[in-house]
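Everything on this sheet refers to the single structure shown next.
Numbering (the working numbering), first residue to last: 8 to 238.
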């Protein structure tokens, strides 16, 4: 009975054999996939930063254009108001009627006056103007005419754009540093020069060449001690 139980247990506990076969190409892809994914993430981040930079620059251009249009409209309104004031001051018509027993007289006065002429604004005479020419030039130089600004007062690069450009520059600096380190490693791994090998060969001594040092002869007698100079 015990043997039958053992046989049944052995038959029930049998497991299917698993054969593991490794694919070298997939294994290589898996091992090198970490670096590839890292490089892809870097590229995607750089592209995203560039896209954000373009969007920020576009927004700033639109804002600057709107500010310029607003300033232009304000300038035109100011010029129109100045023209209306000139018309009110210089274009006045007066009509006065005088009744006489024999006839009727109507006098109409149109005062389109040039206030700069006939010394109405207290301007100097031509004689005085000749003497005060340099002073007028100095005053005109001190107060130059103000033209419309082509650019807005705010800087073109906002804080966000400056941060994005800084991140791009940091990435490029890292690349340059890596290249320099590689070059330094390549220079350190170069083989020794030919002069060094030639000196080593001369130290070993070639059989074809005569020895440079001459042998010393030292007489040794039975009663004398060893001479240290003859070693």
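Just so it is clear, CB atoms sit at the ideal spot from N, CA and C, and this is done for glycine as well. Just so you know, these numbers come straight off a predicted model, no measurement behind them.
(message) DSSP has residue 111 in a bridge; who is on the other side?
(response) 106
(message) Under 8 Å, with one C-beta from each stretch per pair, do the region 42-58 and the region 165-179 reach the 3-pair mark?
(response) yes
(request) Can you grab the Cα-Cα spacing for the pair residue 71 / residue 95, in whole Å? (result) Those two C-alpha atoms are separated by around 36 Å.
(message) For residue 60 and residue 168, which I take to be in contact (beta-carbon distance under 8 Å), what is that distance rounded to the nearest angstrom?
(response) 6 Å
(request) Compute the Euclidean distance between the alpha carbons of residue 83 and residue 68, then round it to the nearest angstrom. (result) 23 Å
(message) Suppose the cutoff is 7 Å on Cβ atoms and the five residues either side in sequence are ignored; what does the same chain contact list for residue 33 look like?
(response) none
(request) Measure the C-alpha to C-alpha separation of residue 27 and residue 192 and round it to an integer number of angstroms. (result) 42 Å
(message) Rounded to whole angstroms, what is the Cα-Cα separation between residue 179 and residue 63?
(response) 21 Å
(request) Could you say which of 194, 113, 182 and 88 lies nearest to residue 46 if we only look at CA atoms? (result) 182
(message) Please state the DSSP three-state secondary structure of residue 6.
(response) The shown model of the chain, from 8 to 238, leaves out residue 6, and the question about it has no answer.
(request) Tell me whether residue 23 sits in a helix, a strand or coil according to DSSP, three-state version. (result) coil
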